[in-house]
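Just below is one structure, and these are the notes that go with it.
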Amino acid sequence: MSAFIQQLPALIGVVIGALGSYLAVVRSDRARARTEWAARWEERRLAMYSDYARAVKKSVTLAYRVASHLGNDPHPHPLSLAEAEPLLTEAALARDPSGEALLMLGSPQVVDKARAWVVVVMEMERFLRAGRREPEAWQRLLERQRTAREGYYAAVRADLELPPGHPARRPLPGVPQPAGGQR
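As structure tokens, this is what we get:
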């Protein structure tokens, strides 16, 4: 029994060491799992934010083309409202699923900025459906759309903790710019 008592401190040390090692591994695994989970959700949010932007931008591009047909915009590929109507409807319908995903997964700030952007896009569509030929009013709408889009992108970058992005306002070399600047 005395030999057992003499080795008891060593046995206790082994048990404490094994327990400590086990707890360290468990804690490390949990931290890694949390980091991986956060990274997966961040990737999903980025994809969802990108999908929404792509859907809205499709509507904007169609609006530029119709505005060009009406003489309001210098877009090089004009499209009549009659030809664009099914495409505009399709683009609006494509915004809905990505908008719902945005409502579920997006931060409140991003959702607010997305709403502001799409409201301006819908105003652009109403402007065109009314057949208005007012280049100055169209340019004001374009400026509001650009500002709303920049607000959306800034909110996305803030939510995902990304560095500030490019404002997309620099002129392209050798490309004549419309009176309102970049798209």
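Per full-length UniProt numbering, the very first residue in the sequence shown carries number 1; after that it's consecutive.
All C-beta atoms, glycine included, are put in the ideal place defined by N, C-alpha and C.
Taking the straight line between their C-alpha atoms, what separation do you get for LEU141 and SER68?
Approximately 14 Å, taken between the alpha carbons.
Hey, ALA84 and ARG65: beta-carbon distance below 8 Å or not?
Going by C-beta atoms, ALA84 is nearer than 8 Å to ARG65.
Do VAL120 and ALA148 have their CB atoms nearer than 8 Å?
Going by C-beta atoms, VAL120 is nearer than 8 Å to ALA148.
Can you tell me whether DSSP reads LEU162 as helix, strand or coil?
It is coil, neither helix nor strand.
Spatial neighbours of HIS77 within its chain, please: CB distance less than 6 Å, with the 5 preceding and 5 following residues excluded, ordered by chain position.
Correct list, in chain order: ARG65.
Here's the rule: buried if 16 or more other CB atoms are within 10 angstroms of the residue's CB, otherwise exposed. What is TYR22?
Taking every protein chain shown into account, the CB of TYR22 has fewer than 16 other CB atoms within 10 angstroms, so this residue is exposed.
Pair within 8 Å by beta-carbon distance, GLY151 and ALA116
Cβ atoms of GLY151 and ALA116: closer than 8 Å.
By how many angstroms is the C-alpha of GLN139 removed from the C-alpha of GLY180?
Residue confidence is low: GLY180 scores 49 on pLDDT, short of 50, so the model does not pin down where it sits. Its coordinate-derived value is still stated next. In a straight line, the C-alpha of GLY180 is about 6 Å away from that of GLN139.
Endpoints, the alpha helix (DSSP H) within which GLY99 is located
Residues 81 to 105.
What is the DSSP secondary structure of HIS69, counted as helix, strand or coil?
Helix, per DSSP.
Rounded straight-line distance, which links the Cα of THR35 to that of PRO94
The question names Pro, but residue 94 in the sequence shown is Ala. Each residue's Cα considered, the two are about 33 Å apart.
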